[in-house]
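Accompanying notes for the structure given below.
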Amino acid sequence: MVTIQKYVKAQSLEEAWKLNQGKKNRILGGMLWMRLGNGTISTAIDLCDLGLDTIEETDEEFSIGARVTLRELEQHVGLNTYTHDAVKNAVKDIVGVQFRNMATIGGSIWGRFGFSDVLTVFLAMDSYVELYKGGIVSMADFVSMKMDNDILIRVIVKKRACQIAYMAVRNQSTDFPVLTCCVSKLDGTYRAVIGARPKRAKLVSDENGIMANGVTKEVAAAFASYVAEQVPTDSNLRGSSTYRTHLIHVLTERCVAQLYNQQ
């Protein structure tokens, strides 16, 4: 059980950041993961009054506030049109509607959890995070950064020419995924992201140009094999390393087939 000694609604990002420098102080997201832990939080910092709960769309990008819920991502017409429903497919099996009405993109991305469907799909796009002190950082760089006491303000998705497909395997619906997979084509360049391996999602670009001359069944299989070679897996209660590597092959091929159908 988590014990909170003091609760503060921050009135500015600067106030929130200063409070968050305390060793036992924490920023609140949806509280759905944090509440499962144990220990004492000296000051719980709520960002709900800072206007971080909107999705803004322009001709160039989507700007998604840190307090936007997964349910809002799931239902946003513009974002899902751009991503061919990949974002919707990534979040729709996360527990249930009530859960997704509370879980936030900020908490999901900031935690950089190994099981994160959300991180997997956004890493496959031309996406960035804006940190209060750290500024704008590419999602690919953010994934490998050490945890610190900065504040995630928003997630930015650039509207590059994009085809994208998302798939995951679960032992049962609403469970943590055994493996997540997202394949995208951004301005002609293919990339695959594999998550729940069971470590943080890993991005693999088609640096060898396997897909450069068009997609066939054989080319898709070769790209899937390349991705599997680049992504180490491990075992846990949900699946073995061997099974996960097999799933990388299967899901990558299926995602590539979906991209072909989007053309």
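Counting from 1, one number per residue, gives the positions in the sequence shown under full-length UniProt numbering.
Beta carbons: idealized from backbone N, C-alpha and C, even for Gly.
Whose CA, out of 182, 242, 191, lies closest to the CA of residue 88? Here the closest residue by C-alpha is 182.
Opening and closing residue of the alpha helix (DSSP H) in which residue 100 lies: Residues 97-100.
According to DSSP, is residue 152 helix, strand or coil? Strand at residue 152.
Would you give the residue range spanned by the beta strand (DSSP E) that residue 167 belongs to? For residue 167, the enclosing beta strand (DSSP E) covers residues 162-170.
Per-residue burial, residue 317 [other beta carbons within 10 Å of its own, 16 or more giving buried]: No answer is possible for residue 317: it lies beyond the span of the chain, which begins at 1 and ends at 263.
Just the C-alpha distance for residue 8 and residue 46, rounded to the nearest angstrom, thanks. Here the alpha carbon of residue 8 sits roughly 6 Å from the alpha carbon of residue 46.
By the three-class DSSP mapping on this structure, what secondary structure does residue 48 have? If DSSP states are grouped into helix, strand and coil, residue 48 belongs with coil.
Proximity winner among 51, 33, 138, 41, relative to residue 12 (alpha-carbon distances): Proximity to residue 12 across 51, 33, 138, 41 peaks at 51, based on C-alpha coordinates.
Run the CB neighbour count on residue 33, radius 10 Å, all protein chains shown included, and call it buried at 16 or more, exposed below. Counting C-beta atoms within 10 angstroms of its own C-beta, residue 33 has fewer than 16 neighbours from the protein chains shown and is therefore classed as exposed.
So, using beta-carbon positions, are residue 150 and residue 131 closer together than 7 Å? The answer is yes: Cβ separation under 7 Å.
Closest to residue 135 by CA distance: which of 201, 262, 259, 155 is it? Measuring from the Cα of residue 135, the nearest candidate turns out to be 155.
Just to confirm the assignment: which complete beta strand (DSSP E) runs, minimum length 3, are found wholly within the stretch 173-241? Unbroken beta strand (DSSP E) runs of no fewer than 3 residues, entirely contained in the stretch 173-241, are found at 177-186, 189-195, 202-205, following chain order.
Sort out for me which residues DSSP pairs residue 7 with in a bridge. Answer is 44, bridged to residue 7.
Please classify residue 158: does DSSP put it in a helix, a strand, or coil? Looking at residue 158 - three-state DSSP - the assignment turns out to be strand.
Per-residue burial, residue 143 [other beta carbons within 10 Å of its own, 16 or more giving buried]: So residue 143 counts as buried.
Beta-carbon spacing of residue 194, residue 250 below 7 Å: Not closer than 7 Å, so no.
Output yes or no for whether 7 Å exceeds the beta carbon distance between residue 145 and residue 127. Contact annotation: residue 145 and residue 127 have beta-carbon atoms that are not nearer than 7 Å.
Counting along the chain, where does the alpha helix (DSSP H) carrying residue 62 start and finish? No alpha helix (DSSP H) contains residue 62, which is instead part of the beta strand (DSSP E) from 61-65.
Whole angstroms is fine: what's the gap from residue 284's alpha carbon to residue 201's? The question about residue 284 has no answer here: the residues shown for the chain are numbered 1 through 263.
For residue 211, collect the residues of the same chain with a Cβ closer than 7 Å to its Cβ; drop the 5 residues on either side in sequence, then sort them by chain order. Here the set comprises 190, 219, 223.
Are residue 56 and residue 78 touching if we call contact CB-CB under 7 Å? For residue 56 and residue 78, no; Cβs fall outside 7 Å.
Identify every residue that forms a DSSP beta bridge with residue 2. Answer is 39.
If you follow the alpha helix (DSSP H) that residue 82 is part of, which residue opens it and which one closes it? DSSP places residue 82 in the uninterrupted alpha helix (DSSP H) bounded by 77-82.
Continuous beta strand (DSSP E) stretch holding residue 131: start and end: 127-131 is the extent of the beta strand (DSSP E) around residue 131.
Any idea if residue 25 is buried or exposed, counting beta-carbon neighbours within 10 angstroms, 16 or more meaning buried? Label assigned to residue 25: buried.
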